[in-house]
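Chains as they are written, first to last, in my numbering: chain Y, 385 to 520; chain F, 142 to 451.
If you want it as structure tokens, here you go:
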């Protein structure tokens, strides 16, 4: 592992994109930043601007309106960026998969590096997914 | 010439101040984590952040904006911070004496990073960045007057000398300024000025992360953002060092004194961190009022007290 890659993996900054979500996954993602789980010990921070982000966390089902916004966000990000789909809706569409306004799971729209299934996934599951991503 | 370059680039300028500042920034994050009962980031976290931004990330230029100014602003910020760092750290650490009137020069140089942030933000063409820029401008207008009043109080206490090294040597002879009543008041006001200069939490309206998505920094990515981080690390070391030099007798890196010097810096940064962790963000209007009314009042009281020798 080179120096560049080492620095990148040691300092992943997260940007959180919530699609048409029921807010459960959003809450579980925020749980990871709380004292009990504390992802900052891996050097992760929640940033406010997509320009600073290294990881794009996408949760919730992506409907027709969200699709163009997700694409726009992905294009605005400075590369390299890692995309993580969180929750059943983000990974497959979940119960919204047959819906009228559903525009496809996240990996149909942008390339996804990691999937964390669950409805919602536990913070432990999100941490396990992140650790797997770090060891990839 | 070679000596000046060494001072500017390596010790005590760019490299030294940046490395110490990076460790102080880790200390700040670690204390923040402890205050919130978290574990906190590893020791070399600021270095990982910096090298990631510098080497790995792509730099994106704004489409509707002035690209040259956008890219030049962070470079000027680093230059301004390092030159201010050299002028501050040479007398504070007792390497060289500096020149007469260097306090005034340092005062002007310390505004350069904030000014360049504004210029870079306005050049990016982003409305949120423009909002952050205008807030930063208002913040500068409010705290600069307080800052110059504090310096005036210190000059008054030092018997009208405007040489930084003379102020420090006066304190080693007659005891530190922070030991007197007016010195304590000046110390408190100075701490709040540093807080606003570093845009830490009560006064972080220009780069409010949750409100306007990091405001003035919103469009920066990759190498220019690494430069801004570098400026922030340098400022995080030189402003406490300036405070210690003016009011607490400077730093001494000889023998056992090194421990006492490090403790001084860690104490000042601890104060900044605790203020940042125990206060909410104030509106820009409140911040202006806070400085123009209350902090100026305190500074003037301190000047009057020091006139009567208290």
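In this text, a Cβ means the ideal position worked out from N, Cα and C, and glycines have one as well.
Values in this document were obtained by computation on a predicted structure and should not be read as measured data.
TODO: Starting from the Cα of residue 467/F, find the closest Cα among 260/F, 417/F, 364/F and 227/F and give me that residue.
DONE: Here chain F comprises residues numbered 142 to 451, so residue 467/F is not present and cannot be evaluated.
Open item on the list: Quick check: the Cα distance between residue 474/Y and residue 441/Y, rounded to an integer number of angstroms?
Closed with: Within the first chain, numbered from 1, the residue matching residue 474/Y stands at position 90. Within the first chain, numbered from 1, the residue matching residue 441/Y stands at position 57. Whole-angstrom Cα-Cα distance: 10 Å.
- [ ] Indicate whether residue 472/Y and residue 501/Y have their beta-carbon atoms separated by less than 8 Å.
- [x] Taking the first residue of the first chain as position 1, residue 472/Y is located at position 88. Taking the first residue of the first chain as position 1, residue 501/Y is located at position 117. Yes, the Cβ-Cβ distance between residue 472/Y and residue 501/Y is below 8 Å.
Open item on the list: Under 8 Å, Cβ to Cβ, is there at least one residue of chain F near residue 419/Y?
Closed with: Your numbering for residue 419/Y matches position 35 in the first chain. Interface residue, yes.
- [ ] Determine the burial state of residue 277/F: buried for a count of at least 16 other Cβ atoms within 10 Å of its Cβ, exposed for fewer.
- [x] For the purposes of this step, residue 277/F is taken as residue 136 along the second chain, with counting starting at 1. Flag for residue 277/F reads buried.
TODO: Per DSSP, which residues does residue 498/Y bridge with? Please list them.
DONE: Walking along the first chain from the start, residue 498/Y turns up at place 114. BP columns for residue 498/Y point to 468/Y.
Task: Minimum Cβ-Cβ distance from residue 402/Y to chain F less than 8 Å - done: For the purposes of this step, residue 402/Y is taken as the residue at position 18 of the first chain. Judged by the 8 Å Cβ criterion, residue 402/Y is not in contact with chain F.
TODO: Kindly list the residues whose CB is nearer than 6 Å to the CB of residue 406/F, restricted to its own chain and excluding five residues on each side of it in sequence; keep chain order.
DONE: In the second chain, counting from the first residue as 1, residue 406/F sits at position 265. Result list for residue 406/F: 381, in chain order.
Open item on the list: Using the three-state DSSP reduction, which class does residue 339/F fall into: helix, strand or coil?
Closed with: Position 198 of the second chain, counted from the start, is the residue given in the question as residue 339/F. Note: residue 339/F maps to coil in three-state DSSP.
Open item on the list: I need the boundaries of the beta strand (DSSP E) containing residue 441/Y, first residue and last residue.
Closed with: Sequence index remark: in the first chain, residue 441/Y carries index 57 (1-based). Start and end: 439–443.
Open item on the list: Determine, for residue 424/Y, whether the minimum Cβ-Cβ distance to residues of chain F falls below 8 Å.
Closed with: Position 40 of the first chain, counted from the start, is the residue given in the question as residue 424/Y. So, interface residue.
Open item on the list: Any contact between the segment 252–271 of chain F and the segment 317–329 of chain F? By contact I mean 3 or more CB pairs, one from each, below 8 Å.
Closed with: no
Open item on the list: Using CA atoms only, rank isn't needed, just tell me which of 267/F, 392/F and 365/F is closest to residue 378/F.
Closed with: In the second chain, counting from the first residue as 1, residue 378/F sits at position 237. Answer by Cα proximity: 392/F.
Task: Cβ contact check for the segment 196–216 of chain F and the segment 459–469 of chain Y: 3 or more pairs under 8 Å - done: yes
Open item on the list: Please confirm whether residue 520/Y has its beta-carbon closer than 8 Å to some beta-carbon of chain F.
Closed with: Your numbering for residue 520/Y matches position 136 in the first chain. No, residue 520/Y lies away from the interface with chain F (no Cβ there is under 8 Å from its Cβ).
TODO: Taking only the alpha-carbon atoms, compute the straight-line gap between residue 300/F and residue 293/F and give it to the nearest angstrom.
DONE: The residue you call residue 300/F lines up with position 159 of the second chain. The residue you call residue 293/F lines up with position 152 of the second chain. Straight-line Cα distance between these residues: approximately 11 Å.
- [ ] Give me whichever residues DSSP pairs with residue 400/Y in a beta bridge.
- [x] Within the first chain, numbered from 1, the residue matching residue 400/Y stands at position 16. According to DSSP, residue 400/Y bridges with 441/Y.
Open item on the list: So with CB distances below 7 Å, who are the chain Y contacts of residue 360/F?
Closed with: As a position in the second chain, residue 360/F is number 219, starting the count at 1. Chain Y residues near residue 360/F: 435.
TODO: Have a look at residue 429/F and residue 284/F and give me their C-alpha separation to the nearest angstrom.
DONE: Residue numbering aside, residue 429/F sits at position 288 when the second chain is read from its first letter. Residue numbering aside, residue 284/F sits at position 143 when the second chain is read from its first letter. Using only the alpha carbons, I get a separation of about 8 Å.
TODO: Spell out a yes or no on whether the segment 450–459 of chain Y and the segment 415–428 of chain Y are touching, meaning 3 or more CB-CB pairs, one atom from each, closer than 8 Å.
DONE: no
- [ ] Indicate the three-state DSSP secondary structure (helix, strand or coil) for residue 451/F in the structure shown.
- [x] To locate residue 451/F, count along the second chain from 1; it is residue 310. Three-state result, residue 451/F: coil.
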